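Single-structure report; data block below.
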Amino acid sequence: MAAAWWAAPRTLAAAVPLDPDADEARRLVGDELSRPEYQAARPTALDLAAQAVGDWIARLFSGAGDGLGDLVPLLIALLAVVVVVVAFLVFGAPRRDRRRADADRDALFGIDDRRSAEELRRSADAARRAGDLAAAVSDLFRAIAREQAERTIVAVDPGTTARGFSRRAGAAHPAHADRLLAAAADFDGVRYLDRPGTEESLDRLAALDRDLRTAVPVRREPVATGAA
């Protein structure tokens, strides 16, 4: 490339008449500069863009030219914000995951219910005394499910349905499988079909709860891997 530039004067001199007029001189210069070696030596658009970016960065950090150096503190602040955001995404996610895991563990048939089995039983008794039999049926069935989860017999996951729980609890307690399915039907009736609870259904649930509390399961499932 450099050789082309050094050779250019000699080439141009050899081709130029001794005394050209102005038009002839312009034509000769144009012809000379259109030669391939001159075109190859010209910077490309990418070269020009890279040079412009490099000049801009140099002016930015040197504080020279158009006051761009005033942007350096702003860029440093933006960089600090980016670092904080990245750290939050990296180190904050596990905390959110732990909170989500806690909420999943506490979910019971569609709601976030953190009460223990004993607390649910007390709530069912209070609702029954207050005449709210539907709430009593709902809480007592939840107490049965929570008891099985607390004893690590049946896993109760966020997507677990009452009927799904009863089928799996019935596999762990075959002698009570039919009663568990009937209890799930009572729960679904008051929970989703707006049916009123009855004293009879509460008596059945209370008897089932007592029997399951002392029953020895024939199998257990991992608490973390239940399915609906």
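So the sequence shown is numbered by the working numbering: it starts at 14 and just counts up by one.
Where is the CB? At the ideal position from N, CA and C, for every residue including glycine.
Here the structure is a predicted model, which is why all the values come from computation and not from measurement.
For Ser214, the enclosing alpha helix (DSSP H) has its first and last residue at 212-227. By the CB criterion at 8 Å, Glu160 and Leu225 fall inside the cutoff.
Put simply, the stretch 204-221 touches the stretch 126-146. At least three CB pairs are less than 8 Å apart.
Distances from the alpha-carbon of Phe154 to those of Asp170, Ala143, Arg176 put Arg176 closest.
In the three-state reduction of the DSSP assignment, Glu132 falls in the helix class, which pools H, G and I. A check of alpha carbon separations from Asp207 across Ala185, Asp126, Asp145 identifies Asp145 as the nearest.
Of the candidates Ala130, Ile157, Val94, Arg128, the residue whose Cα lies closest to the Cα of Phe200 is Ile157. The distance from the Cβ of Ala228 to that of His186 is about 5 Å, consistent with a contact at the 8 Å cut-off. Counted as a single uninterrupted DSSP element, the alpha helix (DSSP H) harbouring Asp199 occupies residues 190-205. If you check the CB distance, Val150 and Val203 come in under 8 Å. Non-local beta-carbon contacts of Thr211 in its own chain, meaning distances under 7 Å to residues more than five positions away in sequence, involve Leu146 in chain order. Under the 10 Å beta carbon count, Arg223 is surrounded by fewer than 16 other beta carbons and is classified as exposed. In the DSSP assignment, Glu163 falls within the alpha helix (DSSP H) that extends over 146-163.
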